[in-house]
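Asks: Okay, handing you the structure first.
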């Protein structure tokens, strides 16, 4: 497969792994005193485990799995609001598939669907728009979820709905942005991170500039990375070289896809449609300033919060504590490894997830469970 | 049977066609009997077969329900799957399939022309597999109570004396062989649904596997076989590992996958190991007989792409492990939940 297999070449990986080992030695990192690198994006977490990169890299390097899985940081109250919307008889509720299984306090969207709610899985908000055109007597609500990678397509669907003057389409906007939670992590007094692997597909939209503060204000290196194993290994090497050389810069490993300035058309569409919310709740991280997006007043008729009087923007959201025994928050902030959670693999499995990190395949716990080493699993049993 | 065959008088199926009256007779005689040619019009098939009388042979009996959306897709349709699925269930158990029944649940409003195409396709698949559809049933339900057409087929076959395929017979050292590329059916259905606007046409692998199984069983000692339908190869291997009480190790490099299928999986974030197949099986043979098995398989239409993908091991009993491209080992678990909404 072109443009994928070149970046999965085991020989190239071997070369990079040898270089990584050398730089780790030059830094003087050991198993006891490792270098901590956070991969922010859930897609990277998934790739690290799928290819077993954590097993192949030296012991002096430890990956900390960041908050970049949108399904995982979705608070339970948001799921409850989705269910509430979806159970209205006039509504066709549309969502990306991986949000279906996230447990709410009462039920997940999958359970709501089984109970009779009209919930459809879509691959793009434009599919939801098409459903609205075809069902003029129903209210089609799209669950806008995700980081900068998915915000532009939701923005476009709203612009398109406005251009067509559609009256039965709205977005339940829960889009969030990557930089604010990174700042929260960096401000944490217990922070142990030495550098970051940055989410490439987010930068494809916003460019590299929004990460500048990480290097400038906090003195930490960040390398924007692609998603194939060779991309990841090369990015890790670039971060390590910066650490070794005492540099803190924003570098772009994924330049075949990411222009430094991002995608101006997407940025303009987002500017047009969204504004920052004063604050937004993240599962495991709490309220974070300016970390969520809401739909601007001029598009209010496409805002499901306005239309149905639900959700965060209406101040109706309750804070729901994590389920008893769930340690997703600690895992998300790197305080616990997934396997150190007492519920891991027993009270919480992909089949019956307790916490969100086990639900999405991009969640750290699901990745550990699905792709974890054979030896560890057998030792744990 | 000298009377003229009754003819359908409408273009779509209505509730009247399920009512037990004249309209139902029109539907059954015009659409089904015309294609399947049962012996007589009794409600039961009355069958004789010499193989049944031979000492040591066993009767094999299986049933399967089929719900596919869309009903027609590149490489097949629900009719072809309904025949191949049941034929293959018999075949991977070592049986020579002989007779099938077919029961239809038809949604009111279904085009008769579509029904005719599905029935013709079942007949063609049955002819290809060398089996006969000897009895059947139709029910018509209100619009919205079914998605077009649901088909249930049951199948009867004979396992010749001395043939004993059983997952518990798989032993460490046995090699695992697949007959061809993986995931085509699942990818074909996904692409055919059109939701994804994928500009790729992948034909389903839907095909009968009984000739392949029969020649392979004649050539070597096949310990066990599974057709990798719902849940894909991963689920088939897990079932065998569990039943045999040994581990199974497969090699990522050895898995036969079409570039298009890999592409669809990359785009949608799916794992081809879990994609459904309708004409793909995995079988286990003693290591010493692997070459002979490959030769026998490759001599049949359905086995041209046969390759070894792994082996049974003493280590990690009950688990399936994949050696990845990078040399790490990862667990290949049973499918959790569903990868796709309803594909077979």
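Chains as they are written, first to last, in my numbering: chain Z, 1 to 381; chain X, 1001 to 1344. Cβ coordinates follow ideal geometry from the N, Cα and C atoms, glycine included.
Is it true that the CB of residue 1157 of chain X sits closer than 8 Å to the CB of residue 1095 of chain X?
Replies: Numbered from 1 along the second chain, position 95 holds the residue referred to as residue 1095 of chain X. Numbered from 1 along the second chain, position 157 holds the residue referred to as residue 1157 of chain X. Yes. Within cutoff.
Asks: Give the secondary structure of residue 106 of chain Z by DSSP, where H, G and I count as helix, E and B as strand, and everything else as coil.
Replies: Working through the first chain from its first residue, we reach residue 106 of chain Z at position 106. Reduced to three states, the DSSP call for residue 106 of chain Z is coil.
Asks: Suppose only complete runs of 4+ residues qualify. What are the alpha helix (DSSP H) ranges in the region 1082-1121 of chain X, listed by chain order?
Replies: Here no run is fully enclosed.
Asks: Show which residues of chain X have a CB atom less than 7 Å away from the CB atom of residue 370 of chain Z.
Replies: Taking the first chain and counting its residues from 1, one reaches residue 370 of chain Z at position 370. Those within 7 Å of residue 370 of chain Z in chain X are 1333.
Asks: Counting only beta-carbon atoms, is residue 113 of chain Z nearer than 8 Å to chain X?
Replies: Taking the first residue of the first chain as 1, we reach residue 113 of chain Z at position 113. At least 8 Å separates the CB of residue 113 of chain Z from every CB of chain X.
Asks: When the Cα atoms are used, what is the spatial distance from residue 335 of chain Z to residue 230 of chain Z?
Replies: Numbered from its first residue, the first chain carries residue 335 of chain Z at position 335. Numbered from its first residue, the first chain carries residue 230 of chain Z at position 230. Each residue's alpha carbon lies about 28 Å from the other.
Asks: For residue 1063 of chain X, write down the residues that DSSP places opposite it in a beta bridge.
Replies: Taking the second chain and counting its residues from 1, the one referred to as residue 1063 of chain X is at position 63. Beta-bridge pairing links residue 1063 of chain X to X/1154.
Asks: State yes or no: is the beta carbon of residue 1341 of chain X nearer than 8 Å to at least one beta carbon in chain Z?
Replies: For the purposes of this step, residue 1341 of chain X is taken as residue 341 along the second chain, with counting starting at 1. For residue 1341 of chain X, the predicted structure reports a pLDDT of 36, less than 50, and the residue's modelled location is therefore unreliable. A value from the coordinates is still provided. Chain Z, which has a Cβ nearer than 8 Å to the Cβ of residue 1341 of chain X, makes this yes.
Asks: Between which two residues does the alpha helix (DSSP H) containing residue 369 of chain Z stretch?
Replies: Within the first chain, numbered from 1, the residue matching residue 369 of chain Z stands at position 369. First-last of the alpha helix (DSSP H) with residue 369 of chain Z: 364-371.
Asks: Could you name the residues of the same chain whose beta carbon sits closer than 7 Å to that of residue 1028 of chain X, not counting the 5 residues immediately before and after it, in chain order?
Replies: As a position in the second chain, residue 1028 of chain X is number 28, starting the count at 1. Cβ within range, chain order: 1138.
Asks: By alpha-carbon positions, which one of X/1179, X/1170, X/1159, X/1297 ends up nearest to residue 1090 of chain X?
Replies: Position 90 of the second chain holds residue 1090 of chain X. Comparing Cα positions, the closest option is X/1159.
Asks: For residue 1201 of chain X, go through chain Z and note every residue whose CB falls closer than 8 Å to its CB, in chain order.
Replies: The count along the second chain starts at 1 and reaches residue 1201 of chain X at position 201. Chain Z residues near residue 1201 of chain X: none, gap ~17 Å exceeds 8 Å.
Asks: By alpha-carbon positions, which one of Z/322, Z/369, Z/47 ends up nearest to residue 104 of chain Z?
Replies: Your numbering for residue 104 of chain Z matches position 104 in the first chain. The residue with the shortest Cα to Cα distance from residue 104 of chain Z is Z/322.
Asks: When you compare only the Cα positions, how much space is there between residue 1046 of chain X and residue 1134 of chain X?
Replies: Position 46 of the second chain holds residue 1046 of chain X. Position 134 of the second chain holds residue 1134 of chain X. Taking the straight line joining both Cα atoms gives about 9 Å.
Asks: Out of Z/39, Z/273, Z/7, Z/12, state which residue places its alpha-carbon closest to the alpha-carbon of residue 363 of chain Z.
Replies: Within the first chain, the letter at position 363 stands for residue 363 of chain Z. Selected option, being the one with the closest Cα: Z/39.
Asks: Below 7 Å CB to CB, which residues in the same chain sit around residue 136 of chain Z once its five sequence neighbours on both sides are set aside?
Replies: Indexing the first chain from 1 puts residue 136 of chain Z at position 136. Contacts found: 168.
Asks: Roughly how many angstroms lie between the CA atoms of residue 1084 of chain X and residue 37 of chain Z, to the nearest whole one?
Replies: Taking the second chain and counting its residues from 1, one reaches residue 1084 of chain X at position 84. Taking the first chain and counting its residues from 1, one reaches residue 37 of chain Z at position 37. Straight-line Cα distance between these residues: approximately 52 Å.
Asks: With 9 Å as the C-beta to C-beta threshold (strictly closer), list the residues of the region 1163-1188 of chain X near chain B in chain order.
Replies: The question asks about chain B, but that chain is absent: this structure's protein chains are Z and X.
Asks: Starting from residue 10 of chain Z, find everything on chain X with Cβ-Cβ shorter than 8 Å and list it in chain order.
Replies: The residue given as residue 10 of chain Z occupies position 10 in the first chain. The answer, in chain order, is 1325, 1326, 1327.
Asks: Provide the residue span of the alpha helix (DSSP H) that contains residue 1050 of chain X, from first to last.
Replies: Translated into the one-based positions of the second chain, residue 1050 of chain X becomes position 50. It spans 1050-1053 - the alpha helix (DSSP H) in which residue 1050 of chain X sits, taken as one unbroken run.
Asks: Say whether chain X places a C-beta atom closer than 8 Å to the C-beta of residue 74 of chain Z.
Replies: For the purposes of this step, residue 74 of chain Z is identified with residue 74 of the first chain, where counting begins at 1. By this cut-off, residue 74 of chain Z is not an interface position.
Asks: Compare the C-beta of residue 1336 of chain X with all C-beta atoms of chain Z and state if any pair is closer than 8 Å.
Replies: Within the second chain, residue 1336 of chain X is the residue found at index 336, counting from 1. Yes, its Cβ sits closer than 8 Å to a Cβ of chain Z.
Asks: Hey, could you find the ends of the beta strand (DSSP E) residue 1251 of chain X is sitting in?
Replies: The count along the second chain starts at 1 and reaches residue 1251 of chain X at position 251. Residue 1251 of chain X -> beta strand (DSSP E) spans 1247-1251.
Asks: Roughly how many angstroms lie between the CA atoms of residue 1068 of chain X and residue 1078 of chain X, to the nearest whole one?
Replies: For the purposes of this step, residue 1068 of chain X is taken as the residue at position 68 of the second chain. For the purposes of this step, residue 1078 of chain X is taken as the residue at position 78 of the second chain. Rounded to the nearest angstrom, the two C-alpha atoms are 6 Å apart.
Asks: Does the beta-carbon of residue 308 of chain Z have 16 or more other beta-carbons within 10 angstroms, so that it is buried, or is it exposed?
Replies: The residue you call residue 308 of chain Z lines up with position 308 of the first chain. By the neighbour-count definition (other C-beta atoms within 10 Å, threshold 16), residue 308 of chain Z is a buried residue.
Asks: Quickly, what does DSSP pair residue 323 of chain Z with across the bridge? List them, please.
Replies: Within the first chain, numbered from 1, the residue matching residue 323 of chain Z stands at position 323. DSSP lists no partner for residue 323 of chain Z.
Asks: Quick one: which residues of the region 1027-1038 of chain X get their C-beta closer than 7 Å to a C-beta of chain Z? List them in chain order.
Replies: none
Asks: So, do the region 169-183 of chain Z and the region 296-310 of chain Z have three or more beta carbon pairs nearer to each other than 8 Å?
Replies: yes
Asks: At what residue ranges does the region 265-325 of chain Z contain a whole run of the beta strand (DSSP E), taking only runs of 3 or more?
Replies: 274-276, 279-282, 286-289, 293-295
Asks: Can you check which of these residues, Z/158, Z/113, Z/145, Z/55, is closest to residue 132 of chain Z by C-alpha distance?
Replies: For this step, residue 132 of chain Z is matched to residue 132 along the first chain. Taking the Cα of residue 132 of chain Z as reference, the smallest distance to any Cα among Z/158, Z/113, Z/145, Z/55 is reached at Z/158.
Asks: Have a look at X/1101, X/1113, X/1048, X/1036 and flag the residue whose alpha-carbon is nearest the alpha-carbon of residue 1010 of chain X.
Replies: Locating residue 1010 of chain X in the second chain gives position 10, where the first residue counts as 1. Nearest C-alpha to residue 1010 of chain X: X/1113.
Asks: By the DSSP assignment, the alpha helix (DSSP H) with residue 332 of chain Z in it spans what residues?
Replies: What you label residue 332 of chain Z is simply residue 332 of the first chain in a count that begins at 1. In the DSSP annotation of this structure, the continuous segment of the alpha helix (DSSP H) that includes residue 332 of chain Z starts and ends at 328-332.
Asks: Compute the beta-carbon to beta-carbon distance between residue 102 of chain Z and residue 285 of chain Z, rounded to the nearest angstrom, for a pair I have assumed lies under 8 Å.
Replies: Start at 1 with the first residue of the first chain, and residue 102 of chain Z comes out as number 102. Start at 1 with the first residue of the first chain, and residue 285 of chain Z comes out as number 285. With a Cβ gap of about 16 Å, residue 102 of chain Z and residue 285 of chain Z do not count as contacting.
Asks: With DSSP as the reference, label residue 1268 of chain X as helix, strand or coil.
Replies: Position 268 of the second chain, counted from the start, is the residue given in the question as residue 1268 of chain X. Reduced to three states, the DSSP call for residue 1268 of chain X is helix.
Asks: Residues in the region 1246-1272 of chain X with C-beta within 8 Å of chain Z's C-beta atoms, listed in sequence order?
Replies: 1259, 1262, 1263, 1266, 1268, 1269
Asks: Determine the extent of the beta strand (DSSP E) in which residue 1313 of chain X is found, giving its start and end residues.
Replies: On the second chain, residue 1313 of chain X is found 313 positions in, with the first residue counted as 1. Per DSSP, residue 1313 of chain X belongs to the beta strand (DSSP E) from 1307-1313.
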